[in-house]
Structure formats: structure tokens, C-alpha cells
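First comes the structure, then the notes that go with it.
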Amino acid sequence: MAVKLFPAQEIGSLAKPNWRVLGYRGVPISDRDFSEARYWGKKLKIQGYEKLLELLKSEDSPEVRERIKEWSAIYAIALLESAGLDIVYDGEQWRTEMYEALVKEVGGFRFVGHVRSWDNKYYRKAAVVDRIEWKSPVYLNEFLFTKSHTSRIVKVPFTGPYTVTDWSFNEYYQRKLESTYSDPRELKRRAYNDLLFEVARNLIRPEIQALVSNGAKWIQIDEPALSTQPGKEQIVNFVQAINEAVRGFDCKFSLHVCYSTDYTALFPELLEAKSISQYALEFANRDSNKIGESRRSGYEVVKLLAEYKAGKEIGLGVVDVHDDKVESPGLVRDRILYAAKLLGDPALIYVNPDCGLRTRDWSVTYSKLVNMVRGAQQARNRSS
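Residue 1 is where the sequence shown starts when you use the UniProt record's numbering, and the numbers rise one by one after that.
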């Protein structure tokens, strides 16, 4: 599916513009936020952006809120296209947060409160209180909207079964097994696995089916929780669950994992997820900012994939999403070329930020993405 050597792809969320956040809440926006909407509309050459400006002056209503959300997606798609990305989505502008956006639409979950995920970011944690019941597609409308607003390759980021399981209180499945297991640790382990496979079969699989049936060709399974406690049993169970979820679909699947203390803990078990054709991983955050190709500490794990002869694509994180410092094209180039040398097959490398850029403002995000694309071009020139 590669369009060229070192194609540039999105990897997840972008920050929501303040006019989108306030407008969707029905709160009047400031002159500054209004000017921001005008600035990016002009800069990104968004056709008809003046309609958004009029909309932001409108009286609040459910219809106005939905249209503001749609405009936010249009702006995000345009930002990724203008930066030069080959594979795009909508920056997850329709979603509240990656976990909440999915489970709030599914039967069997009850929200219990906010939990800190990292830094100053929080998510609403839910308890599983009944059997999971998928009701209707969660991601379909946003996918169809994105597909209708771009001619680029579309990749749908999608919260995976391990993260849904790990980030939920497992009340229902523990209650079901209480009479079977007297050891609390064994009870928790068995209930965890039951929930994991239930999520894979009865939530993730039907959601994938809805997307693929409507033209989705590439889905990215997001599993930030997979790297937090990467015991061998957990990895084996995840592989079995994801194989069940994606079995038989005519679709490309990539797996996004970030901020692991040790990616080597995922292998070789992860290689048994045969339908996963790309590992999109974080590297830049652990790398130095010095120019050069002789040694890059953040990318040494690429050797592991070469040693296993995995034949998998790598979504190479070349941009740090936790720092406003904008990487130079030369730094991006050297990271790509070093990884390509380690892997031995440059055609398997895609480039992307480490993770979603939702913690960076759009000016920083745009500059980082533009330089990422320029760095990829420099790497192509060196490789030709």
C-alpha cells in the first residue's frame, strides 16, 4: 500500500481548537478564538471557511454544535494534508477521548469517575457491570465523513481490546467467577482474560465489520495499555484476542503502542498476530536531538525486528509529541536513515509522530509535521 519510500502518516489525535471545544458546549467564543478560526481557514486554504465564521456567531443549538464538530474535522484533515502527509484522518475531532468515546456507546459499561492517565490528562473510567453489548457503529460516521473530505489514503485509529479491558473496572466478570476461584489473584486473572476476549469478540470485531463493510481499507489498533505491564501471558492473550477480532477481514491492520519501558518484552509473542502488518511505535522521545546516523539510541530496538525477520512495516516515530521543540528536517532524516539501515529494508518504513499530537497547539503541530515530511523527502533523496 506504500505510495512511495518513507510515506508520512497520521498516528492519532490532534488538539481540538478552542472554538470547537467552547462552541460544542454552547459557550460563546472569544475574539481570539474567532481570529484563530479565520487564521487557519486562510492558511490551510479551506474552501468556504467563512461559513464556519458565521456559524460561530450563531445562536446555540444541537444542529450548530454538530456542524461545529464537522468543521473541526475539516480543519484537522486540511492541516494534515497541507503539512504533506500521505495517510490522514480527522485528528479524532469527533471523539471526547479514545476510551470514553468508544465505551460510552456500548452496553454493559457504567462510568464511575475521572482517572489521571498521565501529565494533566484525565479520562472517565468505567466499570463493566453487565455483559458487553455492541449496539451500533461508533466510528462509522466519522470515517465516512473523513473519506468524503480527502483524496489521500485514510487510516482509522481505533481503541483496541487490551486497552479497553485494562482501563475498566472488571466487576461483572469477577462476580461471575467468584464461586469458581478462591484465590483472589487467580480470580482476577481469569476474569481479566474473559473480559479481554469478550471485548475482542463482541465490541471490537463488530465495529471493524461496520467499517470494512463501508469501505475502510486500513485500521490502526491503538493499545497504549499493552506496554504498561507487558508480561508474557498478557502478550499471548492479547495476540489471541486481536487475532479473533480481525480474523477474515479484507483490511490492513497496524498496531500502535507507545511509551513502553521495554519493547523487547512484546516479542517474539507479538509476531503471532499474523494479521497485523505494521507496528507503529514511539522512538523519538527516547532519542537524542543530535544530527547523525552513526548511532541513535532511541532506535536500537529496530534491530530486534530485523533479527526476527518479521517482515512487518514499522510506523517509525520520528517526532516527539511531549515537547514543543520542532525537530529539524535533518534530524528526522537521520532518524529514518538509521532505522532503515538497521531494518535492512527501507520499503517497510513509514514515518509518523510518536503518538497523537493532542497536547501541542496547532502551530507547533503543523511545524513538526511539515518538518517530518521534509525530513522524509531528504531521506528519500539520500536513498535514491
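Just so you know, even glycine gets a beta-carbon here, dropped at the ideal spot from N, CA and C.
Taking the C-beta atoms as reference points, L343 is found nearer than 8 Å to I349.
Scanning K104, A76 and L85 for the CA closest to the CA of E92 turns up A76. Y162 counts as buried, since at least 16 other C-beta atoms from the protein chains shown sit within 10 angstroms of its C-beta.
In the DSSP annotation of this structure, V326 is not part of any beta strand (DSSP E), being labelled neither H nor E. Just measuring C-alpha positions, the residue of I242, F249, E269 and K252 sitting nearest K232 is E269. Burial check for N237: the Cβ neighbour count within 10 Å reaches 16 or more, so the residue is buried. Y39 counts as exposed, since fewer than 16 other beta carbons sit within 10 angstroms of its beta carbon. By the neighbour-count criterion, in which 16 or more other beta carbons inside 10 Å mark a residue as buried, I87 falls on the buried side.
Between L102 and V164, the beta carbon gap of about 7 Å places them in contact (Cβ cut-off 8 Å). Residue range K252 to V257 is occupied by the beta strand (DSSP E) that includes K252. F158 is bridged by DSSP to I221.
Listed as beta-bridge partners of I314 by DSSP are Y279 and I349. Contact annotation: the stretch 132-140 touches the stretch 207-220, with at least three C-beta pairs closer than 8 Å.
P184: member of the alpha helix (DSSP H) spanning P184 to V199, first to last residue. Taking 3 residues as the minimum length, the stretch 41-77 contains no beta strand (DSSP E) run wholly inside it. When DSSP reads this structure, Q9 sits in a beta bridge with I87. By the Cβ-count criterion, E100 is buried, with 16 or more other Cβ atoms from all chains shown falling within 10 Å of its own Cβ. For D130, same chain residues with a beta-carbon under 6 Å away, outside a window of 5 residues either side, are G108 and Y172 in chain order.
The beta carbons of T359 and H322 sit about 7 Å from each other, so the pair counts as a contact at 8 Å.
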